[in-house]
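J.:
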Amino acid sequence: MAGVVSISAAAIFSFALLSKVVERMVSLSVGIMLSTALLHSLPEAFESGADARSLFATLLAGLLGFFLLEKFAILRHSHHHEGDGHAHAHGHDAHEAGKAGWMILVGDGLHNFSDGILIAAAFLADPNLGIITGLAIVAHEIPQEIGDFIVLLNAGFSRTRAYVYNLLCSLLAVLGGVLGYFLLAEAKGSIPYVLVFASSGFIYIAVSDLMPQMQRRATMRETIPQIILVAIGVGIVLFLTRG
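-8 is the number of the first residue of the sequence shown in the working numbering; add one for each residue after it.
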């Protein structure tokens, strides 16, 4: 339920306010994704008491894994635009960009799966705690899902397709909740590693795909709004995940 609410809310904001300025909003999504990974998910994983070396190994494996997926053209995104002078058939870039969106969905799905486990654990401890945990997850998922929608729209997904795929991805939270309920002892120990691997996907797509797009617009007139929007993205996550 938390995933459906957060994705629907993100869709409303994205469709109504952001879809017409997707290219500029790439900067906002960079701030949202990096801060979600580096200021929320990774600290949560490392504060769990799991072995730090193993968590760093998971982060390394995740980054290299996404690199290899892109390298072998499974989720490859060519960094150029339609009409950039390269000899591509019309629509080539939209097709290639669409592949990059799948990396976001993979990372988001893993994150939703771990959220489901967390909610299940909270409800087993105390129903009131479960409700509070669910509300907290909705709060931190909304800015992340806005970032995901922006990336998917920028990657050539239609608004409806971006919503449907994100909604399907959110159902992994249900799977995580069910498994967490029945296999809590085993699943709880894997949560930090799932969070780290999901974070590696957000970091990879932000650094390897979105930031290079921003760097192509290097004038001061374009750079200042980019910096402001990155800062706003970070601020949104800090505000909604404070405490």
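Note that CB positions come from ideal geometry on N, CA and C, so glycine has one too.
Which value, in whole angstroms, describes the spacing of the CA atoms of E136 and A164?
T.: As a working note, residue 136 is residue 145 in the sequence shown. As a working note, residue 164 is residue 173 in the sequence shown. If I take the Cα positions, the gap works out to 14 Å.
J.: Quick one: grab the DSSP three-state call for T27.
T.: Residue mapping note: residue 27 aligns to position 36 of the sequence shown, counting from 1. Here T27 sits in helix by DSSP.
J.: Excluding sequence positions up to five away, which residues of its chain have a Cβ less than 6 Å from the Cβ of Y184?
T.: Numbered from 1 along the sequence shown, position 193 holds the residue referred to as residue 184. Answer for Y184: T49, listed in chain order.
J.: Mind checking whether S20 and G224 have CB atoms under 8 Å apart?
T.: If you number the sequence shown from 1, residue 20 lands on position 29. If you number the sequence shown from 1, residue 224 lands on position 233. Yes; because the gap between Cβ atoms is below 8 Å, this pair is in contact.
J.: Identify which residue in R44, G147, A36 has its Cα closest to the Cα of S105.
T.: For the purposes of this step, residue 105 is identified with residue 114 of the sequence shown, where counting begins at 1. Nearest option by C-alpha distance: A36.
J.: Nearest by alpha-carbon distance to F57: which of I196, Q206, L231, S26 is it?
T.: Counted from its first residue, the sequence shown places residue 57 at position 66. The shortest C-alpha separation from F57 is found at I196.
J.: What is the residue span of the alpha helix (DSSP H) that A43 lies within?
T.: As a working mapping, residue 43 is identified with position 52 in the sequence shown. Residues 43 to 62.
J.: Could I get the ranges of all uninterrupted alpha helix (DSSP H) runs contained in the segment 198 to 233, with 4 residues as the minimum, in chain order?
T.: Fully enclosed alpha helix (DSSP H) runs of 4 or longer: 202 to 206, 211 to 231.
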